[in-house]
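Peer 1: I'd like to ask some things about the structure below.
In the working numbering, the protein residues as written are 10 to 239.
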C-alpha cells in the first residue's frame, strides 16, 4: 500500500522546532553539510513528530533537545556514507517507525528516491501524511512486512538499505540484504554491541552473499556497513 492509496491523517501543524545553538557545527563535525532551509524543514518534521506522538506511539523521545540529538543527528551521520551515491539512486528504510532515518535523509538528499517500509498501519499513515505535508515528493511509503518485500517484488531493487533499532543483525540481515542490488550496501545504525552482533550474524551475512565492509563510530552509536557481493 503506497501513500497515494491511503487516506491521510489529520496532522497537527505546530511551529517548527528551533535549531539548537551550534547544531550545524556538530553536523559539520561528522561530515554532514546541511543547508539552512533543510534545517528548518527538519525542525518542522520534528515538531509534527512530537505533536503526533501525543496521539500515537511514534517515539520514546518527547523533548526537543533529545529529538534533535537522537533523531536528526543520529540519522544524518549517514550522510557522509552516502556521499558517493548518485542522484536518482534508490534507498529503502526498513522499519521506519516515526521516520528515522528515512525522512531526515529525504529532506537532506532530495535527489534520492526513498522508500519507507513500516508494517504498522497507523505509523505508515503518519509517514505518508508527514511526507506530503513536508512536500517530500521523493518519498513513498509501504505498509508491508519487510520479509515479504525482501522475498517478493522488491528483491534486488535498491542501491542502499537503512535500518535503525529494528532487530539484532542476525535477524535484520535477512530483512535487508536481499533488497539490495549486487554491489549495493546496507547502513545499519546500531549501538555499542555492534561487534557482538556482527560475530553472531557472520554466517547469515555470508550465506546471503554479503560481507562486512567496516563499522563507523558516530556521536550517537555505530553504523555497520554491509555490502552485497552477489
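For glycine and all other residues, C-beta sits at the position ideal for the given N, C-alpha and C.
Bear in mind that the values here come from a model prediction, so they are computed numbers and not experimental data.
For residue 203 and residue 197, what's the separation of their Cα atoms in angstroms?
Peer 2: Cα-Cα distance, rounded: 10 Å.
Peer 1: Which of helix, strand or coil does DSSP assign to residue 201?
Peer 2: Three-state result, residue 201: coil.
Peer 1: Tell me the residue span of the beta strand (DSSP E) that contains residue 38.
Peer 2: Segment 32-38 is the alpha helix (DSSP H) holding residue 38; no beta strand (DSSP E) there.
Peer 1: Quick check: what's the CA-CA separation for residue 11 versus residue 142?
Peer 2: Because the pLDDT of residue 11 is 44, which lies under 50, any placement of that residue in the model is unreliable, and the number read from its coordinates should be weighed accordingly. The alpha-carbon atoms of residue 11 and residue 142 are separated by roughly 16 Å.
Peer 1: Tell me where the beta strand (DSSP E) around residue 230 begins and ends.
Peer 2: 230-237 is the extent of the beta strand (DSSP E) around residue 230.
Peer 1: Name the one or two DSSP bridge partners that residue 194 has.
Peer 2: Bridge partners of residue 194: 169 and 236.
Peer 1: Just the C-alpha distance for residue 18 and residue 212, rounded to the nearest angstrom, thanks.
Peer 2: One C-alpha to the other measures close to 42 Å.
Peer 1: List the endpoints of the continuous alpha helix (DSSP H) containing residue 112.
Peer 2: Its alpha helix (DSSP H) spans residues 111-117.
Peer 1: Go ahead and pull the three-state DSSP assignment for residue 214.
Peer 2: In the structure shown, residue 214 sits in a helix (DSSP, three-state: H, G or I).
Peer 1: Pull the bridge partners of residue 220 from the DSSP assignment, please.
Peer 2: Paired residue(s): 236.
Peer 1: Check whether the segment 150-167 and the segment 66-77 touch, using three or more Cβ-Cβ pairs below 8 Å as the test.
Peer 2: No: the two stretches stay apart, fewer than three of their Cβ pairs being nearer than 8 Å.
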